[in-house]
């Protein structure tokens, strides 16, 4: 639920605002199209469908930003943002962003590079929906996760994974079971663990599961 007020500090055009767990930072369609930089905590980006279903679009962590496109184009928010745990977000309003870009052109170049990477990833995702089976899409998503710890564990919910893969909870369960039978992953409450990253990588890129090498070119470190 949205709080009536938030704790803020800093200049009027660059506000650092503290949010409590599950507090709504902004709604979809909100006209306050500021660039948001996560200073601490985590922000979950969501989209609510007309049938009431909530779709998770991803998480934004410390040092990462979102809202640059809506700020530059001066458009309403395209998603809802909610705090995950105590979170501090710096808000850069449109006028300040315009001044920053004019004074420091490197900022515009950095935003362009990030937007280009996002576009590349979006194209990959669209291609995957056309070419890959759900289990291969899930395996690829796990390989790409930024949340993998040193033991291969990824903290996540099954509902969140299903949203990201674009499948039902039943299909997700079937895909997880298939990867578990192959010895590639194991599951537990609130997490998935990659048992052997190299084997999972090889399985994703065999001829049946990955008919081309787009992902390998886009993500050579995998």
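Numbering (this note's numbering), first residue to last: 83 to 304.
From the three backbone atoms N, C-alpha and C, an ideal C-beta is built for every residue, glycine too.
Keep in mind that this is a model prediction, so the values were computed, not measured.
Asked                                                                                                                                                                                     : Found
DSSP on residue 160, reduced to helix/strand/coil?                                                                                                                                        : coil
So what does DSSP say about residue 200, is it helix, strand or coil?                                                                                                                     : helix
Do residue 285 and residue 192 come within 8 Å of each other at the CB atom, strictly closer than that value?                                                                             : no
Residue ranges of each beta strand (DSSP E) run of no fewer than 3 residues wholly in the segment 198 to 281, ordered along the chain?                                                    : 235 to 237, 267 to 270 and 273 to 276
So, with DSSP's three-state summary, where would you put residue 141?                                                                                                                     : strand
I need the straight-line Cα distance from residue 115 to residue 271, nearest angstrom please.                                                                                            : 37 Å
Counting C-beta neighbours from all protein chains within 10 Å, is the total for residue 287 16 or more, i.e. buried, or is it exposed?                                                   : buried
Does DSSP put residue 181 in a helix, a strand or coil?                                                                                                                                   : helix
State yes or no: is the C-beta of residue 200 within less than 8 Å of the C-beta of residue 210?                                                                                          : no
Could you say which of 113, 261 and 124 lies nearest to residue 154 if we only look at CA atoms?                                                                                          : 113
Can you tell me which of the three DSSP states residue 175 falls into?                                                                                                                    : coil
Which residues in the same chain as residue 166 place their Cβ atom closer than 6 Å to its Cβ, once the five residues preceding and following it in sequence are excluded?                : 124 and 126
For residue 107 and residue 163, which I take to be in contact (beta-carbon distance under 8 Å), what is that distance rounded to the nearest angstrom?                                   : 4 Å
Could you name the residues of the same chain whose beta carbon sits closer than 7 Å to that of residue 227, not counting the 5 residues immediately before and after it, in chain order? : 236
Out of curiosity, what's the CA-to-CA distance linking residue 259 and residue 128?                                                                                                       : 27 Å
Just to confirm before moving on: does the CB-CB distance between residue 266 and residue 243 stay below 8 Å?                                                                             : no
For residue 170, which residues in the same chain have their Cβ closer than 8 Å to its Cβ, ignoring the five residues on either side in sequence?                                         : 98, 99, 100, 101, 120, 121, 122 and 123
Mark residue 149 as exposed unless 16 or more other C-beta atoms lie within 10 angstroms of its C-beta, in which case mark it buried.                                                     : buried
Here's the rule: buried if 16 or more other CB atoms are within 10 angstroms of the residue's CB, otherwise exposed. What is residue 214?                                                 : buried
Quick one: which unbroken beta strand (DSSP E) runs of 3-plus residues sit fully inside the segment 108 to 137? Chain order, please.                                                      : 117 to 130
Please determine, among 240, 183, 238 and 160, the residue with the shortest C-alpha to C-alpha distance to residue 111.                                                                  : 160
So the alpha helix (DSSP H) residue 152 belongs to, where does it begin and stop?                                                                                                         : 150 to 155
Could you tell me which of 168, 276 and 194 sits nearest to residue 103, measuring between CA atoms?                                                                                      : 168
Which partner residues does residue 97 have in the DSSP bridge list?                                                                                                                      : 173
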